[in-house]
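Student: Residues 3 to 569 in the working numbering are what the sequence shown spells out, letter by letter.
Don't be surprised by glycine CBs; every beta carbon is placed ideally from N, CA and C.
Sharing a structure below in structure tokens format, with a few things to ask.
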Amino acid sequence: MTATTRSYRIRVQAIVVFLAICVLTVLSLAASSDYIHDADVESVQTSFARGWTDEGGNLVDLSMLGDAELSDDDNLMLHNRLPYELDPGSELIFCSCNTNFIVYVNGEEVYSFQPERSPLVGHNYGYAFHFIDLPSSDAGAEVDIYVSGMYADNSSEFKAMEISSANDYVHRHFLRGVPLGLICLGVVFLGAILIAVHFYLRKINRITYNLASLGFFSVVVGVWSGMHTLIPYLYGGSIQLWRVIDCYSLIFAPYLLVAFADSLMVKRGKRYVWASFAVAMTLAVAAFVLNLADIVDIHYTMRVVRVVMFLQAGLAIYMIGSTVRFQLKSGSYVRNYSVVNALIFFIATGIVDLISYVYVRFSFYTPGMFASLGLLIALIIVYMNIGKIVKSDAVSASQIDEIRNLAVTDALTGVGNVRAWNNAKEELQNMFESGLLEDAAVCMLDVNNLKNVNDTLGHEAGDRYICVAAGCINRTFGKFGGCYRKGGDEFTAVICTSDPAADFRECLVGLNELLDEFNAGEGSPLPMRIAVGSASVKEHGSFEVAEIVADESMYAHKSSMKDARPA
């Protein structure tokens, strides 16, 4: 199968699956919503959402109060009449959103809701439930509600207004929120498990995907969507606290999604992740400071946040798309095919949810409904493929470790190579300059007689000869720092201790003992001698200079060894 054919099939499958699930979801939720709505109407003593008029006698839709775009200076008087029969224990119960109001019964004030401005979320309180006692003597009384909007937009509304007992109302609306609430709990639960799985797999070096970001993102989305079932508001708590979670979840959630998308990419640059984090922090700080200074209420800042959410969702799709394109173009198998499709599916449902929230309000729509269901399906797909992901990442991690080891290890002797020494030298120099390393000794070593062994006994014997020398050097110098083969018969060692000079002398004693033992043996082709030179980093100011001085000292020692050799 060609890459083009595979790409075409991937696109067709993704589109068909997405459309099918979206259609089934909308139909099922619409059907269930109608069923719940009908059941509620039959069980409620009196639905009090209809019959409200304004001062001119015009009917008013309580869910559309925002269409009047009430500002702080505008007031709307709503009028209605209570039923002529009220059961004992009846209450006028409803939910309000971003609205100040006072309720009058027969001209007498019975309830007032004027929440104080919060330094974190301004006047914006989201949703709040209200329970107003109605004694039997109020039957048939006139009810007036004087409404003042908090914002000059369409965010003000009354919803679920009924005359009922508090227990029945709470029970009924709890059941109404249960379907979406269970989905949200599932998303939070799976997200929490994903976080635990990530840190466990990371501990044993078996994963490269950033599953923690996906897990935290799932928890945030699940909590945010669960709040919009109104169950947390129904059972009380601080309405400002719920709104803080609401606002700041929307600000930081896209960053977590981008962080996970980055871990799917073939070429990870982290620039998208840092850019996303910078945007999130900037928005959070700006929203907090402007709201605290009473310059711009956070309610208006959320408009910018929604635009940024669209842009970051597009960025995540681009990041995933670039990975798929790269793999298909190179003709390689898309190893994260299922995860990529799952994430694309969720992002699509999230965009549908955001569009529905901002522009279209279905009768059955609850904010976060599509996104939560899409994320739950995506998480299930991820869990179904978690074994493949771990296996694939384990192979990739082991291959990466093997490549890294080969890149910094001398193939013949097994000690570090020139690249390893250069990396270590740079890191040690940084430690020395920052004060973490007070002093060190750079040692240069040269194995004599290697050329003679190669010329007289062959290169195979020369290889064994140099391996013995590397073992002697590593056993003595390696325990104090590191040992590296620069090439041929030259080695470098570094001593990083509190007293490098004393430890260097100890290394020399140990090295000479090992060489004497080797030379006394029967398997020694030629006597092994190693010229050694060292220099203090503290004395010479840097590892680079110390290496040059140690090299000169080593050659001086090599020359003296030749002069001392018997004629």
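What residues in its chain sit with their C-beta under 6 Å from that of M152, if we drop five residues either side in the sequence?
Tutor: The residue given as residue 152 occupies position 150 in the sequence shown. So the list reads N100, H125, once near-sequence residues are dropped.
Student: Alpha carbon to alpha carbon, how far is P256 from M283? Give it in angstroms, no decimals.
Tutor: What you label residue 283 is simply residue 281 of the sequence shown in a count that begins at 1. What you label residue 256 is simply residue 254 of the sequence shown in a count that begins at 1. Their backbone Cα atoms lie some 12 Å apart in a straight line.
Student: By alpha-carbon positions, which one of E515, D448, N456 ends up nearest to E554?
Tutor: Taking the first residue of the sequence shown as 1, we reach residue 554 at position 552. It is D448 whose Cα lies nearest to the Cα of E554.
Student: Pick from N476, E440, Y557: whose alpha carbon is nearest that of D503?
Tutor: The sequence position of residue 503 within the sequence shown is 501, counting from 1. Just to set this straight, residue 503 is Ala in the shown sequence, not Asp. Considering only alpha carbons, the answer is E440.
Student: Which partner residues does C97 have in the DSSP bridge list?
Tutor: Locating residue 97 in the sequence shown gives position 95, where the first residue counts as 1. Looking at the DSSP assignment, C97 forms a beta bridge with F131, K161.
Student: Report back the beta-carbon spacing between V123 and Q242 to the nearest angstrom; my notes put them in contact at under 8 Å.
Tutor: The residue given as residue 123 occupies position 121 in the sequence shown. The residue given as residue 242 occupies position 240 in the sequence shown. That belief holds up - the Cβ atoms of V123 and Q242 are roughly 6 Å apart, short of 8 Å.
Student: How is the alpha helix (DSSP H) around F218 delimited, first residue to last?
Tutor: Residue numbering aside, residue 218 sits at position 216 when the sequence shown is read from its first letter. Where F218 is concerned, the enclosing alpha helix (DSSP H) stretches over 213-229.
Student: Note down the Cα distance separating A318 from Y486, rounded to an integer number of angstroms.
Tutor: Position 316 of the sequence shown, counted from the first residue, corresponds to residue 318. Position 484 of the sequence shown, counted from the first residue, corresponds to residue 486. Approximately 44 Å, taken between the alpha carbons.
Student: Do S536 and F506 come within 8 Å of each other at the CB atom, strictly closer than that value?
Tutor: In the sequence shown, residue 506 corresponds to position 504, counting from 1. In the sequence shown, residue 536 corresponds to position 534, counting from 1. Yes, they are a contact pair.
Student: Measuring straight from C-alpha to C-alpha, what distance separates S150 and E110?
Tutor: Mapped onto the sequence shown, residue 150 falls at position 148. Mapped onto the sequence shown, residue 110 falls at position 108. So the two alpha carbons sit approximately 18 Å from each other.
Student: For M556, which of K564, V534, H542, S562 has the nearest alpha-carbon?
Tutor: In the sequence shown, the residue the question calls residue 556 occupies position 554. Checked all of K564, V534, H542, S562; the closest Cα to M556 is V534.
Student: Measuring alpha carbon to alpha carbon, tell me which of Y237, G376, V354 ends up nearest N343.
Tutor: Here residue 343 corresponds to residue number 341 of the sequence shown, with the count starting at 1. Ranking Y237, G376, V354 by Cα distance to N343 puts G376 first.
Student: Please classify D63 as buried or exposed, where buried requires at least 16 neighbouring CB atoms within 10 angstroms.
Tutor: Residue mapping note: residue 63 aligns to position 61 of the sequence shown, counting from 1. D63 comes out exposed.
Student: Assign D457 to buried or exposed, taking buried as 16 or more other Cβ atoms, counted over all protein chains shown, within 10 Å of its Cβ.
Tutor: Numbered from its first residue, the sequence shown carries residue 457 at position 455. Exposed, since its Cβ has fewer than 16 Cβ neighbours within 10 Å.
Student: Going by C-alpha distance, which of S215, E549, D412 is nearest D264?
Tutor: As a position in the sequence shown, residue 264 is number 262, starting the count at 1. Closest by alpha carbon: S215.
Student: Straight-line CA distance for L196 to N212?
Tutor: The residue you call residue 196 lines up with position 194 of the sequence shown. The residue you call residue 212 lines up with position 210 of the sequence shown. Their Cα atoms are separated by approximately 10 Å.
Student: With the cut-off set at 8 Å, would you say L232 and G179 are in Cβ contact?
Tutor: Position 230 of the sequence shown, counting from 1, holds the residue named residue 232. Position 177 of the sequence shown, counting from 1, holds the residue named residue 179. Contact: yes.
Student: Looking only at its own chain, which residues have a Cβ that is under 8 Å from the Cβ of P234, when we skip the five neighbours before and after it?
Tutor: In the sequence shown, the residue the question calls residue 234 occupies position 232. Correct list, in chain order: G228, W244.
Student: Kindly list the residues whose CB is nearer than 6 Å to the CB of G91, restricted to its own chain and excluding five residues on each side of it in sequence; keep chain order.
Tutor: Here residue 91 is taken as the residue at index 89 of the sequence shown, counted from 1. Closer than 6 Å at the Cβ level, and outside the excluded window around G91, lie S167.
Student: Quick test of your reading: I497 and L513, contact by CB under 8 Å. State the CB separation rounded to the nearest angstrom.
Tutor: Counting from one through the sequence shown, the residue named residue 497 turns up at place 495. Counting from one through the sequence shown, the residue named residue 513 turns up at place 511. So it is not a contact: roughly 13 Å between Cβ atoms.
Student: For a test of the three-state rule: what should DSSP assign to F545, helix, strand or coil?
Tutor: Counting from 1 along the sequence shown, the entry for residue 545 is found at position 543. Correct three-state label for F545: helix.
Student: Thinking C-beta only, is F131 closer than 8 Å to L571?
Tutor: Because the chain in this structure spans residues 3 to 569, residue 571 falls outside the shown range and cannot be described.
Student: Taking the alpha-carbon positions, what's the S158 to F254 distance?
Tutor: Position 156 of the sequence shown, counting from 1, holds the residue named residue 158. Position 252 of the sequence shown, counting from 1, holds the residue named residue 254. One C-alpha to the other measures close to 26 Å.
Student: Please report the straight-line C-alpha distance between V190 and V223, rounded to a whole angstrom.
Tutor: What you label residue 190 is simply residue 188 of the sequence shown in a count that begins at 1. What you label residue 223 is simply residue 221 of the sequence shown in a count that begins at 1. Looking at the two C-alpha atoms, the distance is approximately 8 Å.
Student: Since I believe N432 is in contact with P529 (beta carbons under 8 Å), could you give me their beta-carbon distance rounded to a whole number of angstroms?
Tutor: The count along the sequence shown starts at 1 and reaches residue 529 at position 527. The count along the sequence shown starts at 1 and reaches residue 432 at position 430. Rounded, the Cβ-Cβ distance is 41 Å, inconsistent with contact.
Student: Rounding to the nearest angstrom, what Cα-Cα distance links R421 and V298 in this structure?
Tutor: Within the sequence shown, numbered from 1, the residue matching residue 421 stands at position 419. Within the sequence shown, numbered from 1, the residue matching residue 298 stands at position 296. About 56 Å.
Student: By Cβ distance, which residues of its chain are closer than 8 Å to C509, with the 5 residues on each side in sequence left out?
Tutor: As a working mapping, residue 509 is identified with position 507 in the sequence shown. Once the five neighbours on either side are set aside, the close Cβ partners of C509 are C445, T478, F479, F482, A495, I497.
Student: Would you kindly work out how many angstroms separate the C-alpha atoms of I147 and L252, rounded to a whole number?
Tutor: Start at 1 with the first residue of the sequence shown, and residue 147 comes out as number 145. Start at 1 with the first residue of the sequence shown, and residue 252 comes out as number 250. Going by the C-alpha atoms only, they are around 33 Å apart.
Student: On the three-state DSSP scale, how would you describe T55?
Tutor: Against the sequence shown, residue 55 aligns to sequence position 53. Note: T55 maps to strand in three-state DSSP.
Student: Considering just the uninterrupted stretch of the alpha helix (DSSP H) at D146, what are its terminal residues?
Tutor: Within the sequence shown, the letter at position 144 stands for residue 146. Counting along the chain, D146 falls outside any alpha helix (DSSP H), though it belongs to the beta strand (DSSP E) covering 144-151.
Student: Which value, in whole angstroms, describes the spacing of the CA atoms of G352 and H230?
Tutor: As a working mapping, residue 352 is identified with position 350 in the sequence shown. As a working mapping, residue 230 is identified with position 228 in the sequence shown. Cα to Cα, G352 sits roughly 15 Å from H230.
Student: Please go through the same chain and pick out, in chain order, the residues whose beta-carbon is closer than 7 Å to the beta-carbon of V281, but skip the five residues on each side of it.
Tutor: Position 279 of the sequence shown, counting from 1, holds the residue named residue 281. Correct list, in chain order: V310.
Student: Please report the straight-line C-alpha distance between K564 and G489, rounded to a whole angstrom.
Tutor: As a first step, residue 564 is located in the sequence shown; it is residue number 562 there, counting from the start. As a first step, residue 489 is located in the sequence shown; it is residue number 487 there, counting from the start. Using only the alpha carbons, I get a separation of about 22 Å.
Student: What are the residues that DSSP puts in a beta bridge with N425?
Tutor: The residue you call residue 425 lines up with position 423 of the sequence shown. Partner(s): none; N425 has no beta bridge.
Student: Only counting the same chain, and skipping five residues up and downstream in sequence, which positions put a Cβ closer than 6 Å to that of K205?
Tutor: To locate residue 205, count along the sequence shown from 1; it is residue 203. Within the same chain, K205 has no close Cβ partners at all.
Student: Which residue comes first and which comes last in the beta strand (DSSP E) that contains R83?
Tutor: Here the question's residue 83 lines up with position 81 in the sequence shown. Note, R83: beta strand (DSSP E), 78-83.
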